[in-house]
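K.L.:
The structure that follows is given in the form of structure tokens.
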Amino acid sequence: MDKVKYRTLTPEIAAELKRIVGDAYVIYGDKERLEVFSHDEIPGTEYRGMPEAVVRPDSAAQISAIMKLANLEKIPVTPRGAGSGLSGGAVPVSGGIVLCLDRMNRILDIDVENMMVEVEPGVVTNEINEALRKHKLFYAGYPMSLETCFIGGNVAENAGGGKAVKYGVTSRYVLGLEVVTPTGEIVELGGKLVKDVTGYNMVQLMVGSEGTLGIFTRIVLKLIPLPEFQVDLLCMFRNTEEAVGAVPRLMTVSGIIPASIEYMNRIAVKGACEYLNESIPYEDCGAMLLVSLDGTDQERLADEYEAVGLLCREHGAYEVYVADNPSISERLWRIRRNIGEAFNVFSKRQSGEDMVVPPASLPAMVAGLERIAERYGISVPCFGHAGDGNVHARLVCPPEWSDDKWNSELPMILDECYRDVAALGGRISGEHGIGCKRKKYMDKVVSPEYISMLRAVKKAFDPNWIMNPGKIFDL
Amino acid sequence: MNYKQIASADIDFLVSVCGTDRVYTGKAINEDFSHDELGGVSRMPDVMVEVTSTEEVSAIMKYAYDNNIPVTPRGQGTGLVGASVAMHGGIMLNMCRMNHFLELDEDNLTLTLEPGVLLMEISKFVEERDLFYPPDPGEKSATIGGNINTNAGGMRAVKYGVTRDYVRGLEVVMPDGTVMELGGKVVKNSSGYSLKDMIVGSEGTLAIITKAILKLLPLPQKTISLLIPFPELEMAIETVPKIIKSKAIPTAIEFMERDVILAAEEFLGKKFPDNTSDAYLLLTFDGNSKEEIEKAYEKVAHICLDSGALDVFISNTQERHAAIWSARGAFLEAIKASTTEMDECDVVVPRKHVGEFVKFTRQLQDRFNIRIMSFGHAGDGNLHIYVLRDQLDEQTWKQKLHDVFEVMYSHALELGGKVSGEHGIGFAKKPYLNDSMGEYGINLLRNIKLAFDPKNILNPGKVC
Ligand SMILES: Cc1cc2nc3c(=O)[nH]c(=O)nc-3n(C[C@H](O)[C@H](O)[C@H](O)COP(=O)(O)OP(=O)(O)OC[C@H]3O[C@@H](n4cnc5c(N)ncnc54)[C@H](O)[C@@H]3O)c2cc1C
Ligand SMILES: Cc1cc2nc3c(=O)[nH]c(=O)nc-3n(C[C@H](O)[C@H](O)[C@H](O)COP(=O)(O)OP(=O)(O)OC[C@H]3O[C@@H](n4cnc5c(N)ncnc54)[C@H](O)[C@@H]3O)c2cc1C
């Protein structure tokens, strides 16, 4: 674990924090209220840590004062968005201060002429698109958790998902950041500029840095014209192999790039349908692809979905359902969005993984996963962003296993999974981040030199290692 | 900076790695290697080595690191800010012989290649296979290694983005000789800091690129250009935000003035399709069907006419398209040929301020009594503004250039702009970077530099 020694957050420091943000916005000494901030959305209790204080600032200036104090006193600080993360990024594993950004939730400027929006980090991601709708503009980098997560958390995790196949993930849309550094400086990085080679690209370094390099206090996002029309195809396959095997073909043969290609195996669909009390005919189906096409030209869209539907059939789909109105589309997407939650309810003993491989290697990775699951006798509902080569596999503990057995087998299972991923040129996380959950597996996929380099970069920003320590790598 | 002076033992070492044929010293080094395409900054390296493999680069870096010898990576030397000039002497690593295509992966749509492959070779290679590498900077004889290190922009950035958007993975040699893989064929990644993105645009100061994985797209089947004359430049530029706002997404939006077109005609000895108006917008649209493109450009043509355009010339044949764009590609050379010496300002400002900024720079001509010409990527806010020396004596020129740049860069900053949109900081623009980043910002850059290169031996004296 971390070799760095941190100081205890004393009542005097708590009082100082209250002076900075106001009494009402500091939680200190109240165990019950602090407990809420001790975990994120990872099921189970393994990745938890109690904060000593929770502070809810309202401005970059307040955050700067907090960071100066923490840096001086050697108290760790963990930024927190909505806490919807799945890698323990917002969990204060070394105690100290949790900096909760929920009060900084203003949309500052919708700049139609530059096609950009400027927001604070605590805005719920979906609210951005709600506000943009009347301008017919769109923020395309959002993840599936859009109704709860904050845009700041998205930037910190380089989240993605919704429409990443066609539009890419968060990083592609972040043009500018105001950041409070671990030493309390306020810096502007990038700006309302669509290109910029002025010095090193610190904006892209910040994206995906999981709150370990600084706190974002203002974010400039690039927008696209709202794709007004959308058609979803639900394509049923007999088995996973055929479903996943069709994905690379879909993209290269047709020349059409769908907004998303989501994959769900049968166990995953079944779980979500039961949880939602929803019914779609999955009985004969081994796996499904949910393919979403969008655009501003309705006729062209119709041609495209015909072509894609046909292609799916040619590659083994025995049935293709078309959802061309918002309410049916929403029913399908709701199933997709609720798979994770369904399995949380079903069992607390599970591990959600987020591997990513080159898109064409997806069939090999999923086949490997299924082999491993079979050998260990566990079930693995699999779903996710097939078009990006990014699959969420839930390794679910069989009900009859003891905790001990699960705890000793899981690392072995993951070890094998990640070895496969590495061999295919993949990475541990496509969008959820490493956090404290996956750092022990980093060395399966990247070299020790790479990890040393990450450490050196962190040190350049955070000389006292106070910023969200214990994440991504050990200090 | 205290670097070790190159001695004969060092040459012996380099020869032991690369053989005598690829190690050049003294007079054997062509004078071209003392400068890039920017005038004014020059220095010969002590030794120039043509490397051919990652192993050679790694061995040389390890040696240079242990012995504290500065190393400057060099592509084709077409840069415009002195970034590939060995300002502290030492070793120049010429990457141009590492020029092999390694793998075309048609399932993942990626191309793996060595850094010395030229941009024009890439477009030929992929387009023959109906694939597309979108970044399109003006200088086609640049290396991909140079493009990645300057995060080169170019003509198609409005729709397709810049070099960074197409770099999936890199193999790099660190200043101490360690070889690392960054990124890969994965299309998304949240597994640690994006060091790959640190290297892109780092102007050879953080690591040496020895291999790159580029993302490709399917080749758009149809392209059309519109050349749109306007009675005056401001009017042309004011139209650009309207085009963007209309949500039609052209591949390129370039602006040009009559003077620049005339210079290009003279330089190329060829006529431009039209030179009767004061200013022009040049737009390109691409896509897979004629109908799709027509729909987009008709809308835009109307916007232009409503905003005062005199006409709209459509070039839908390959020849006309090529004629216009080859002229556009020659602007820089043409302006250069029209004067004795020049320097460039490559600022980028928020798109909606382009018009205001160009107007401002034109007024500087009278205020400072000096010739200023400009053209640029109006669609992405990136301008190329040239200050021309003409007959000024050395001292007046230096003074005026300094004064003009000072006001230009500080005005860009006021508008929320930055020092460089695509050509980089290198050596020449360092003073302006200092002004725009502030002390803390510059220190942060230096700390990052030291995290990669603790001895500051890789391309020292550049960026920060
Ligand atoms: C049902 C469900 C579905 C999901 N689907 C997706 C999906 O499709 N794609 C996807 O990518 N993720 C998905 N996630 C994961 C999660 O929603 C994302 O990681 C999201 O980006 C986290 O945002 P948050 O605001 O909840 O951040 P938190 O969980 O609070 O924090 C995440 C990380 O960001 C840091 N952080 C937060 N705010 C800031 C700030 N202002 N400055 C600096 N650092 C900050 C924290 O320190 C932490 O390291 C899903 C989660 C759930 C529960
Ligand atoms: C006529 C003309 C038009 C131009 N138009 C454009 C344009 O439209 N857009 C644009 O962005 N630029 C343009 N440029 C600038 C120039 O072509 C680019 O900067 C180009 O990327 C430089 O490539 P190069 O191979 O010549 O690199 P060099 O000039 O040799 O080097 C550039 C930088 O990259 C570093 N470098 C080179 N190779 C490596 C490597 N393998 N590893 C590490 N570092 C390396 C060097 O150290 C240096 O810092 C133009 C230049 C000219 C002369």
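Residue numbers (my numbering), protein chains in the order written: chain A, 35 to 509; chain B, 549 to 1012. Quick reminder that beta carbons are idealized off the backbone N, C-alpha and C, glycines included. This one's a predicted model, so the numbers in the text were calculated from it and none came from an experiment.
Is the beta carbon of Q553/B within less than 7 Å of some heavy atom of ligand 3?
P.N.:
As far as ligands go, the structure on display features ligand 1 and ligand 2 and does not contain ligand 3.
K.L.:
Any heavy atom of ligand 1 closer than 7 Å to the beta-carbon of P259/A?
P.N.:
Within the first sequence, the letter at position 225 stands for residue 259/A. The answer is no for P259/A.
K.L.:
CB L458/A to CB S395/A, shorter than 8 Å?
P.N.:
The residue given as residue 458/A occupies position 424 in the first sequence. The residue given as residue 395/A occupies position 361 in the first sequence. Contact: yes.
K.L.:
Using a Cβ-Cβ distance cut-off of 8 Å, determine whether K505/A contacts chain B.
P.N.:
Taking the first residue of the first sequence as 1, we reach residue 505/A at position 471. Answer no: the Cβ-Cβ gap between K505/A and chain B never drops below 8 Å.
K.L.:
Any heavy atom of ligand 1 inside 7 Å of the beta-carbon of F184/A?
P.N.:
Taking the first residue of the first sequence as position 1, residue 184/A is located at position 150. F184/A has its CB nearer than 7 Å to a heavy atom of ligand 1.
K.L.:
Listing by chain order, which chain A residues have their CB less than 7 Å from the CB of K795/B?
P.N.:
In the second sequence, residue 795/B corresponds to position 247, counting from 1. The contacting residues are P259.
K.L.:
Please confirm whether R114/A has its beta-carbon closer than 8 Å to some beta-carbon of chain B.
P.N.:
Counting from 1 along the first sequence, the entry for residue 114/A is found at position 80. Not one chain B Cβ lies under 8 Å of R114/A.
K.L.:
Whose CA, out of I772/B, R910/B, L743/B, K997/B, lies closest to the CA of V720/B?
P.N.:
For the purposes of this step, residue 720/B is identified with residue 172 of the second sequence, where counting begins at 1. Considering only alpha carbons, the answer is L743/B.
K.L.:
Tell me which same chain residues have a C-beta within less than 8 Å of the C-beta of G929/B, skipping the five on either side of it?
P.N.:
Walking along the second sequence from the start, residue 929/B turns up at place 381. These residues qualify, in order along the chain: V896, V897, P898, R899, H901, V902, G965, G969.
K.L.:
Roughly how many whole angstroms lie between the Cα atoms of V935/B and T887/B?
P.N.:
Locating residue 935/B in the second sequence gives position 387, counting from the first residue. Locating residue 887/B in the second sequence gives position 339, counting from the first residue. One C-alpha to the other measures close to 10 Å.
K.L.:
Which residues in the same chain as L166/A place their Cβ atom closer than 8 Å to its Cβ, once the five residues preceding and following it in sequence are excluded?
P.N.:
The residue labelled residue 166/A in the question sits at position 132 within the first sequence. Contacts found: I144, V151, F172, Y173, L257, L260.
K.L.:
Would DSSP call K39/A helix, strand or coil?
P.N.:
Within the first sequence, numbered from 1, the residue matching residue 39/A stands at position 5. Coil at K39/A, not helix or strand.
K.L.:
Taking C-beta pairs closer than 7 Å, name the residues in chain A that L936/B reaches, listed in chain order.
P.N.:
Stepping through the second sequence from its first residue, residue 936/B is reached at position 388. Chain A residues near L936/B: none, gap ~24 Å exceeds 7 Å.
K.L.:
What does the alpha-carbon distance come out to for the pair M149/A and K226/A?
P.N.:
Here residue 149/A refers to the residue found at position 115 of the first sequence. Here residue 226/A refers to the residue found at position 192 of the first sequence. Near 9 Å, if we compare the C-alpha coordinates of K226/A and M149/A.
K.L.:
Give me the Cα-Cα distance between F905/B and P45/A, rounded to the nearest whole angstrom.
P.N.:
Residue mapping note: residue 905/B aligns to position 357 of the second sequence, counting from 1. Residue mapping note: residue 45/A aligns to position 11 of the first sequence, counting from 1. Using only the alpha carbons, I get a separation of about 54 Å.
K.L.:
In its own chain, which residues sit with a C-beta less than 6 Å from the C-beta of M35/A, not counting the 5 before and 5 after it?
P.N.:
Position 1 of the first sequence, counted from the first residue, corresponds to residue 35/A. Because M35/A carries a pLDDT of 46, less than 50, the predicted location of this residue cannot be relied on, and no value is offered for it.
K.L.:
Tell me whether R876/B counts as near ligand 2, meaning its Cβ is closer than 7 Å to at least one heavy atom of that ligand.
P.N.:
As a working mapping, residue 876/B is identified with position 328 in the second sequence. No, Cβ of R876/B sits at least 7 Å from all heavy atoms of ligand 2.
K.L.:
Would you say the beta carbon of R118/A is closer than 7 Å to some non-hydrogen atom of ligand 1?
P.N.:
Here residue 118/A is taken as the residue at index 84 of the first sequence, counted from 1. One point to set straight first is that residue 118/A is Ser, not Arg, in the sequence displayed. Answer for S118/A: yes, Cβ within range of ligand 1.
K.L.:
Please classify D584/B as buried or exposed, where buried requires at least 16 other C-beta atoms within 10 Å of its C-beta.
P.N.:
The residue labelled residue 584/B in the question sits at position 36 within the second sequence. Classification for D584/B: buried.
K.L.:
Give the straight-line distance between the Cα atoms of I295/A and G350/A, rounded to the nearest whole angstrom.
P.N.:
Counted from its first residue, the first sequence places residue 295/A at position 261. Counted from its first residue, the first sequence places residue 350/A at position 316. Approximately 16 Å, taken between the alpha carbons.
K.L.:
H349/A versus chain B: which residues are under 8 Å apart at the beta carbon?
P.N.:
Here the question's residue 349/A lines up with position 315 in the first sequence. Per Cβ cutoff of 8 Å: no residues; H349/A is ~14 Å from chain B at best.
K.L.:
Give a yes or no on whether 8 Å exceeds the smallest Cβ distance from Y40/A to chain B.
P.N.:
Position 6 of the first sequence, counted from the start, is the residue given in the question as residue 40/A. No, no contact with chain B.
K.L.:
Cβ closer than 8 Å: which chain A residues qualify as neighbours of T726/B?
P.N.:
Taking the second sequence and counting its residues from 1, the one referred to as residue 726/B is at position 178. Under the 8 Å cutoff, chain A gives E483.
K.L.:
Between the Cα of V391/A and the Cα atoms of T602/B, G989/B, E687/B, V734/B, which residue gives the shortest distance?
P.N.:
Along the first sequence, one-based indexing puts residue 391/A at 357. Among T602/B, G989/B, E687/B, V734/B, the Cα nearest to that of V391/A is on V734/B.
K.L.:
Within the 8 Å Cβ cut-off, does Y988/B reach chain A?
P.N.:
Here residue 988/B corresponds to residue number 440 of the second sequence, with the count starting at 1. Among the residues facing chain A, Y988/B is included, as its CB has a counterpart in that chain under 8 Å away.
K.L.:
Ligand 1 heavy atoms versus the CB of F250/A: any closer than 7 Å?
P.N.:
Counting from 1 along the first sequence, the entry for residue 250/A is found at position 216. For ligand 1, at least one heavy atom lies less than 7 Å from the Cβ of F250/A.
K.L.:
Would you tell me roughly how many angstroms separate the C-alpha atoms of M84/A and A48/A, rounded to the nearest one?
P.N.:
On the first sequence, position 50 is the one that residue 84/A refers to. On the first sequence, position 14 is the one that residue 48/A refers to. C-alpha separation (whole angstroms): 16 Å.
K.L.:
Starting from T799/B, find everything on chain A with Cβ-Cβ shorter than 8 Å and list it in chain order.
P.N.:
As a working mapping, residue 799/B is identified with position 251 in the second sequence. Residues of chain A passing the Cβ test: none, with the nearest at roughly 14 Å.
K.L.:
Between V60/A and A87/A, how many whole angstroms is the CB-CB distance? I'm expecting something under 8 Å.
P.N.:
Here the question's residue 60/A lines up with position 26 in the first sequence. Here the question's residue 87/A lines up with position 53 in the first sequence. Right, their Cβ atoms sit about 6 Å apart.
K.L.:
Does DSSP put N378/A in a helix, a strand or coil?
P.N.:
On the first sequence, residue 378/A is found 344 positions in, with the first residue counted as 1. Three-state DSSP puts N378/A in a helix.
K.L.:
Closest to K170/A by CA distance: which of F263/A, E80/A, C183/A is it?
P.N.:
Locating residue 170/A in the first sequence gives position 136, counting from the first residue. Out of F263/A, E80/A, C183/A, F263/A has the C-alpha closest to the C-alpha of K170/A.
K.L.:
Taking only beta-carbon atoms, is N192/A less than 8 Å away from chain B?
P.N.:
Here residue 192/A refers to the residue found at position 158 when the first sequence is read from its first residue. Closer than 8 Å: yes.
K.L.:
In the DSSP assignment, find the unbroken beta strand (DSSP E) run with D145/A in it and report its ends.
P.N.:
Along the first sequence, one-based indexing puts residue 145/A at 111. Its beta strand (DSSP E) spans residues 141–145.
K.L.:
In whole angstroms, what is the alpha-carbon distance linking F71/A and V132/A?
P.N.:
If you number the first sequence from 1, residue 71/A lands on position 37. If you number the first sequence from 1, residue 132/A lands on position 98. Spanning the two alpha carbons is a distance of roughly 7 Å.
K.L.:
Look up H850/B in the DSSP assignment and say whether it is helix, strand or coil.
P.N.:
As a position in the second sequence, residue 850/B is number 302, starting the count at 1. DSSP places H850/B in helix when its eight states are reduced to three.
K.L.:
Taking 7 Å as the cut-off, is the beta-carbon of N188/A closer than that to any non-hydrogen atom of ligand 1?
P.N.:
On the first sequence, position 154 is the one that residue 188/A refers to. Flag set: Cβ of N188/A near ligand 1.
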